[in-house]
Amino acid sequence: MRPSRVFVLLALRGVPRHLRASAHGDLLEQHGGARDALAIALYFQAEPYRAGIDRRNVLLLMLAAAGVLWIVPMAVQSLMAQAAVFEDAFSRAVLLLWGMPNVLAAVACGLFVGRASLLPQHADAARLHLVLVLVPVAALAAPGTAQAMLAAGLMAAATWLGFQNRQASSDRPEPA
Amino acid sequence: MTAMTAPQTLGSLELLVLLAVLRLRDGAYAVSVRDAIAERTQSDPSRGAVSVTLDRLDRKGFLRSRLGDPTAERGGKAKRLYTLATPGRQALHATLEGTQAMLQGLPHEVAQAVRP
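So the protein lines, in turn, are chains A and B. Quick note, the first sequence lines up with residues -16 to 159 if you use our numbering. Quick note, the second sequence lines up with residues 62 to 177 if you use our numbering.
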């Protein structure tokens, strides 16, 4: 596969799934390259911020996600004493995970942002932008490099999982 | 006071895109719509702006979309063809009517200044 074709396909990842194939066909018909594909993708990425209601929902989701990142560690710490009464392997594993409340918060936040129905499908670009902002926040909130990396990685994975789950319930894929 | 539900009006590019779809009948897709606008308005709307506007109008229910047949020159990819839907026709009517109403009664010299 030629590098330019790879760049076109990569850029078209920014176009909603149901329009990707037809947008690719339009580009081929007009002999457009990676730059044109990127320009189209950027227009689609900016679309959620053009409508007032979507802008408001993006802000609400960001505040709610920040709330999850803030509240979960507190809730986890308050439950720690109850988990510590058992001495079996499972309880120790739970305790180990419970000892990283910021990592748990990052996972919860990722699942929440990925799955939230507050943003309609056409505003999925904003969901990705939110994650790009929240991943470093979650990493910075976690103590130590190992936990920061774990929080960032698990948050991205949890978002992907949540998003896949959302797509499975409300997708309309376009045949190529 | 009773609340009035006014039909939705269109933005400037949305208006041009709907008129282009109306003009192109069954052959309206992103490339032909962009070409039609460029040809008649002597402007150069970007591919992205036209594609995004078509998708937005489709989501609003102003346009209906379907997939055409795949062709070799498009690398086997089908065109997404658009046709005007009834809400789109109503929005078009409301927008043009609003423009006409605003133009009506303008002093002669002002009307002359905006006449193409």
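Even for Gly, the Cβ is constructed at its ideal location relative to N, Cα and C.
- In this structure, DSSP gives Ser126 of chain B an extended state, which the three-state scheme calls strand.
- Residue pairing by DSSP places Arg141 of chain B opposite B:Leu128 in a beta bridge.
- If you ignore the 5 residues before and after Leu83 of chain B, its C-beta comes within less than 7 Å of the C-beta of Leu145, all in its own chain and listed in chain order.
- Below the 7 Å Cβ cutoff, chain A contributes no neighbours of Ser104 of chain B, its closest Cβ being approximately 16 Å away.
- Contact with chain B is found for Gly8 of chain A, since one of that chain's Cβ atoms lies less than 8 Å from the residue's Cβ.
- Any Cβ of chain B closer than 8 Å to the Cβ of Phe(-10) of chain A would place that residue at the interface, and such an atom is absent.
- Taking a 10 Å sphere around the C-beta of His105 of chain A, we find 16 or more other C-beta atoms and assign the residue as buried.
- Between the alpha carbons of Arg(-4) of chain A and Met57 of chain A lies a gap of roughly 38 Å.
- Inclusion of Met138 of chain A and Ala99 of chain A in the CB contact set at 8 Å is not warranted, their separation being larger than that value.
- With contacts defined as CB atoms closer than 8 Å, Gly129 of chain B and Leu142 of chain B qualify as a contacting pair.
- Within a 10 Å sphere around the beta-carbon of Met163 of chain B sit fewer than 16 other beta-carbons, which makes this residue exposed.
- Only residues of its own chain outside the window of five on either side were considered, and among them Leu77, Val78, Ala81, Ser104, Pro106 and Val111 have a CB closer than 8 Å to the CB of Ile98 of chain B, listed in chain order.
- Among the CB atoms of chain A, none fall inside 8 Å of the CB of Arg127 of chain B.
- It is roughly 42 Å from the alpha-carbon of Met45 of chain A to the alpha-carbon of Leu85 of chain B.
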